[in-house]
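This report refers to the structure that appears directly beneath it.
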Amino acid sequence: MPQAQNAPPIPGLLPGKKAVVVIFETDCPTCQLALPYLNALKQDSVQVIGLSQDDERSTREFVGQLKISYPVELDSGLKISRAYDPHNVPTFYLLDESGQVQQTLVGFDKKGLNELAAELGQPSIAPADDGAPAWKPGCSSRHLHPSQPKSGSLGTPDLEPEADGGAAENGAKLLRRSGDPASRITLRDEEDAFEYCRKQFGDALPVIPPTVEKVEAMVKASGLAKETVVARVPPFYGEATVEKIAANAVMAGCVPEMMRVLLPLVRAACDERFNIHGVQATTHFAAPLVMINGPVRQELGFWSKQNVFSNVARANSSLGRAFQLILLNIGGGRPDGIDMSALGNPGKFSFCIAENEEENPWEPFHVTRGLKREQSAVSLFAAEPPRGVSEHTAPAGKTVLETISFALATVWSYRTCLMPEAIVILCPEHVKTIHRDGITKEQARQFLFENTGIPVRHYSKEERAEGTQLAANYKEITVRGEKCYQKFRSPEAISIFVAGGTAGKFSAVIGSWSTGPAGSQMVTYPIPDK
Amino acid sequence: MPVTIVHPGNESRPKAATPPARLASLAGKKIGLLDISKPGGSFFLDRLEEILRTKHGVAEVLRTKKPTFSKNAPPQIIEQLRGMDAVVEGLAD
């Protein structure tokens, strides 16, 4: 990093004080995401300055929409950018009291931002679970764009920003923190409100009309301003303001207290790792499965026992339905339009279960996912519908697991290995048997990993069946004395979740959609305490 | 008493894009072929490239590929295709 000794002075920079200077473009989505985080830096011991590579109008729009609370200046003619020469924006510079660069941070990086804050003796400024990714690359710096003179040509006259460089063109919406208020629709006297709302905003079933009073009560329970943008919901990236979320929650039959779960759920769904864009648009069966853990189960009445996947509890059914209505109404993933799933999934009405932690002899699911037991949590998995596994006769825990492994072999497609993941929903009777035999949760998962294999004799190159084309990448293992391809890439591809009633030895296996960074990754978000 | 409800949907209206004029001829044109990474996509696009080159006299065929079919094309892929006279985005399966 050059020390930019011949750099023109940074406007507003006072000597004798440390400074964080960030160079940005107004139309770079990563800059729009990253810059508001610096608002949290206390400015008594450090100066924070934004340097915009764009014109005054775009910059003013950027500062206003994103509510930037520190000084932002223009890098006229990109002179400072050329001197500091960042390859990408945003680039953050930590300058010491004499203006020398101590540290540089490129792009959006939560860990880096928190380290920067720590370096300044300040608390973390980038929470892990606010819906934004841990890391996001930036855009190339404007001074390196082909239409700009190369660095070194400092003597050139000031340049007007590129014609398309202004984010405010045509009033573009940035990743703003406050959205527009939702419009009001007044129905004609003779119009049936239930019928109108079913047609316009329903999930094919009648919904409760989101009247102004009901929505206001829901917004009030959230404790946030109604215009607050919680997320942008793919595939149309509609702004999910607190008010719009509340309107869908009313329609689904939620109690106002459910906003406490719904807001982190919407954030989690729009976490880039989960890739709800792909989940909404795929022709596969996938629907987001909502999994609830922790004290919130009792506090709001989430059900984890018999009929857990069914129509048993208002909390499960209304939260799952509100979430689906949000995807449909705000995200635009209409099942008669852009959602082209070949067969769909009954979970698209509502797909929300809670863990039966009381019947789980092991650590609960959210603890395995890295949270504390007393922390309420919501997890999301891009899920196929559940397939049942009956095992009533086997006396041994290992045999129960073996029976489950046969069902695991079928997820996605029987011959497809490595890509799929799965959740095993263990019923209380099965988990009791497995635990009684001294098997830990980790050992159960390892057993399922090592014993789920597809016999190699079931593959024929000539038939070109799905999964065969990738067989060269599969790992050969021996299962029950037979040469097999190992179904899963790692034990972590299998998750265990205990749920269901105490009578009936029926567990279930739930397959995934496309997984990993190229598909959908499971996410777990904390739910704030009561 | 008329009922007033809060609009629960996305109210933003995307700007309408005007499709470019159809090419009168492919001769001498630059054509981009975007493989979306679905299995089998390359078979289709290989054949299409062959037809474009041998039967239509295109000046250039630029082949590029999305890292995954499950996500939008990253900006650098779109950037590669800038300047093409036409782009074919190939689906497969």
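As you go down the protein sequences, you meet chains R and C in turn.
Just so we're aligned, residue 1 is where the first sequence starts under the numbering used here, counting upward by one.
Just so we're aligned, residue 1001 is where the second sequence starts under the numbering used here, counting upward by one.
Backbone N, C-alpha and C fix where the C-beta goes; we use that ideal spot for every residue, glycine too.
No experiment lies behind these values; they were computed from the predicted model shown.
Query	Result
In the segment 210 to 229 of chain R, which residues sit with their C-beta less than 7 Å from some C-beta in chain C, listed in chain order?	P210, T211, V212 and V215
Anything in chain C within Cβ reach of R/A132, meaning under 8 Å, just list it in chain order.	Neighbours of R/A132 on chain C: none; closest Cβ ~17 Å, over 8 Å.
Considering only the beta carbon of each residue, do R/L289 and R/F349 sit closer than 7 Å?	no
Flag C/T1004 as yes if its beta-carbon sits less than 7 Å from any beta-carbon of chain R, otherwise no.	yes
Does chain C have any CB closer than 7 Å to the CB of R/T186?	yes
Going by C-alpha to C-alpha distance, which of R/R57, R/R334 and R/F309 sits closest to R/T282?	R/R334
Excluding the 5 residues flanking R/P161 on each side, which residues of the same chain have their C-beta closer than 8 Å to its C-beta?	Note that R/P161 scores a pLDDT of 36, beneath 50, so its modelled location is shaky; the value from the coordinates is reported in the next line. Cβ neighbours of R/P161 beyond the five flanking positions: Q53, D54, D55, S58 and R142.
Whose Cβ in chain C lies nearer than 9 Å to the Cβ of R/I330?	P1008, G1009 and N1010
Determine which residues of the segment 1059 to 1082 of chain C have a Cβ less than 8 Å from any Cβ of chain R, and write them out in chain order.	P1067, T1068, S1070, K1071, N1072 and P1075
Whole alpha helix (DSSP H) runs in the segment 246 to 317 of chain R with 4 or more residues, listed along the chain?	259 to 269, 276 to 281 and 296 to 300
Within a Cβ cutoff of 8 Å, which residues of the same chain sit near C/L1091, ignoring the five residues on either side of it in sequence?	I1036, K1038 and G1041
Whose Cβ in chain B lies nearer than 8 Å to the Cβ of R/E243?	Among the protein chains of the structure shown, namely R and C, there is no chain B.
Since R/S318 contacts R/L263 with CB under 8 Å, what's their CB separation in whole angstroms?	Actually they are not in contact, since the Cβ atoms of R/S318 and R/L263 sit about 15 Å apart, beyond 8 Å.
Which of the three DSSP states, helix, strand or coil, is assigned to R/N473?	helix
Which of the three DSSP states, helix, strand or coil, is assigned to R/C417?	coil
In chain R, which residues lie with their C-beta within 8 Å of the C-beta of C/P1039?	Q469
Assign R/F302 to one of two classes, buried (16 or more other C-beta atoms within 10 Å of its C-beta) or exposed (fewer than that).	buried
With 16 as the cutoff for other CB atoms within 10 Å, does R/S151 come out buried or exposed?	Note that R/S151 scores 41 on pLDDT, short of 50, meaning its location in the model is unreliable; the coordinates nonetheless yield the value given after this. Exposed is the call here.
Consider the Cβ of R/S341: report whether some Cβ of chain C lies at a distance smaller than 7 Å.	no
With a 10 Å radius around its C-beta and 16 neighbouring C-beta atoms as the bar for buried, classify R/I353 as buried or exposed.	buried
Going along the chain, which unbroken runs of the alpha helix (DSSP H) with 4 or more residues stay wholly within the segment 1009 to 1064 of chain C?	1041 to 1055
Taking the C-alpha atoms as reference points, what is the distance between R/P36 and C/V1087?	37 Å
Is the Cβ of R/V189 closer than 7 Å to any Cβ of chain C?	At residue 189 of chain R the sequence reads Asp, which differs from the Val that was named. So yes, R/D189 belongs to the interface.
Work out the CA separation of R/G511 and R/H458 for me, nearest whole Å.	20 Å
What do you get for C/P1075, buried or exposed, if any count of 16 or more other CB atoms within 10 angstroms of its CB means buried?	exposed
Going by other Cβ atoms of all chains shown within 10 Å of its Cβ, with 16 needed for buried, is C/G1009 buried or exposed?	buried
Compare the C-beta of R/G107 against all C-beta atoms of chain C and say whether one is closer than 7 Å.	no
Taking the continuous beta strand (DSSP E) assigned at R/R436, which residues delimit it?	Here R/R436 belongs to no beta strand (DSSP E); instead the alpha helix (DSSP H) covers P428 to R436.
Using a Cβ cut-off of 7 Å (strictly closer), state whether R/A193 contacts chain C.	yes
Using C-beta distances below 7 Å, list every residue in its chain close to R/V400, excluding the 5 sequence neighbours before and after it, in chain order.	E391, A394, H430, T433 and I434
Could you pull the DSSP bridge partners for R/Y485 from this structure?	R/I454 and R/E476
Tell me which residue opens and which closes the alpha helix (DSSP H) that R/T91 is part of.	No alpha helix (DSSP H) holds R/T91; the beta strand (DSSP E) holding it covers T91 to L95.
Below 7 Å on C-beta distance, what does R/N542 contact in chain C?	The requested residue 542 of chain R does not occur in the structure, where chain R is confined to residues 1 to 530.
Measure how close the beta-carbons of R/A315 and R/I425 come, nearest whole angstrom, since I'm counting them as under 8 Å.	So it is not a contact: roughly 18 Å between Cβ atoms.
Do R/L38 and R/V48 have their CB atoms nearer than 7 Å?	yes
Under the rule that 16 or more other beta-carbon atoms within 10 Å means buried, what is R/F488, buried or exposed?	buried
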